[in-house]
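Trainee:
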Amino acid sequence: MTELLQVLRDLSFDFLRLLLVLANLIMRYALLLGWLAWWLGLVDWREFWPVLRRGGWVPLVLGFGLVSYLAWLLGIALPGATELGALAPIATCLALLASVLLCGWLQTVFAWYPVEISFETPGQSEHVGHGPLPTSHVAEHGEKDNDWATGSGHTVH
Numbered sequence: 048m049t050e051l052l053q054v055l056r057d058l059s060f061d062f063l064r065l066l067l068v069l070a071n072l073i074m075r076y077a078l079l080l081g082w083l084a085w086w087l088g089l090v091d092w093r094e095f096w097p098v099l100r101r102g103g104w105v106p107l108v109l110g111f112g113l114v115s116y117l118a119w120l121l122g123i124a125l126p127g128a129t130e131l132g133a134l135a136p137i138a139t140c141l142a143l144l145a146s147v148l149l150c151g152w153l154q155t156v157f158a159w160y161p162v163e164i165s166f167e168t169p170g171q172s173e174h175v176g177h178g179p180l181p182t183s184h185v186a187e188h189g190e191k192d193n194d195w196a197t198g199s200g201h202t203v204h
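Numbering-wise (the working numbering), the sequence shown opens with residue 48 and increments by one.
1. Compare the beta carbon distance of G88 and P161 with 8 Å and say whether it is the shorter of the two.
2. Could you tell me whether the region 87-102 touches the region 72-79, where touching means 3 or more Cβ pairs closer than 8 Å?
3. So G132 and W92 are supposed to be a Cβ contact under 8 Å. How far apart are they, rounded?
4. Where do the N-terminal and C-terminal ends of the alpha helix (DSSP H) with D61 fall, by residue?
5. Could you check whether the region 137-144 touches the region 112-119, counting it as contact only if at least three pairs of C-beta atoms, one from each stretch, sit closer than 8 Å?
6. Among L83, F95, A142, whose alpha-carbon lies nearest the alpha-carbon of L111?
7. Can you list, in chain order, the residues of its chain with a C-beta nearer than 7 Å to that of Q154? Leave out the 5 residues immediately preceding and following it.
8. Verify whether the separation of the beta carbon atoms of S146 and L83 is less than 8 Å.
9. Suppose the cutoff is 6 Å on Cβ atoms and the five residues either side in sequence are ignored; what does the same chain contact list for L144 look like?
10. In this structure, does DSSP put Y116 in helix, strand or coil?
11. Reducing DSSP to helix, strand and coil, say where P136 ends up.
Set out below in structure tokens:
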């Protein structure tokens with residue numbers, strides 16, 4: 048019985064150690080994971096690919112050029128790219144650009160498109176269950192109230 052308790056205790060310590068290692072990895076690569084999540088899950092590549100084809104790649108490349116210059120100036124590089132010396136920041140930016148294009152390719156191949164969210168408010172006549180009032184109804188009961196502050200749209204008597 049004591050051997051079983053010892054094994055369970057060791058197992059729980061190993062599980063906690065595994066959680067700490069995973070948390071360390073997640074914190075170390077949180078920006079990279081956020082970067083990949085953004086380009087894979089939040090950018091709709093059905094709309095972004097045509098923009099790139101029409102010339103939108105120019106600001107993208109110029110933006111990455113600026114970022115690579117700043118990374119080179121500050122000496123920022125991926126952990127494994129230090130043996131490249133002065134080219135390490137540029138290689139890092141090229142790897143990030145390649146990851147962006149890879150995310151776009153993966154999204155189109157596997158059809159992992161983000162949910163469309165509309166920020167437009169529907170017009171008064173587009174409310175569910177409400178349509179424009181027939182002219183006979185308005186003539187019968189008075190003119191229509193267009194109070195946008197209350198949003199009532201009811202007929203005034």
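Using N, Cα and C, we set each Cβ at its ideal position, and we do this for glycine too.
Mentor: Working from what's here:
1. Position 41 of the sequence shown holds residue 88. Position 114 of the sequence shown holds residue 161. Yes. Within cutoff.
2. no
3. As a first step, residue 132 is located in the sequence shown; it is residue number 85 there, counting from the start. As a first step, residue 92 is located in the sequence shown; it is residue number 45 there, counting from the start. So it is not a contact: roughly 35 Å between Cβ atoms.
4. Residue numbering aside, residue 61 sits at position 14 when the sequence shown is read from its first letter. From DSSP, the alpha helix (DSSP H) with D61 extends over 49-75.
5. yes
6. Taking the sequence shown and counting its residues from 1, one reaches residue 111 at position 64. Per the sequence presented here, residue 111 reads as Phe, with Leu not at that position. The shortest C-alpha separation from F111 is found at A142.
7. Taking the sequence shown and counting its residues from 1, the one referred to as residue 154 is at position 107. These residues qualify, in order along the chain: L87, W92, Y160.
8. Residue numbering aside, residue 146 sits at position 99 when the sequence shown is read from its first letter. Residue numbering aside, residue 83 sits at position 36 when the sequence shown is read from its first letter. For the 8 Å CB-CB criterion, S146 and L83 form a contact.
9. What you label residue 144 is simply residue 97 of the sequence shown in a count that begins at 1. F111.
10. Translated into positions along the sequence shown, residue 116 becomes position 69. Per DSSP, reduced to three states, the secondary structure at Y116 is helical.
11. Translated into the one-based positions of the sequence shown, residue 136 becomes position 89. DSSP places P136 in helix when its eight states are reduced to three.
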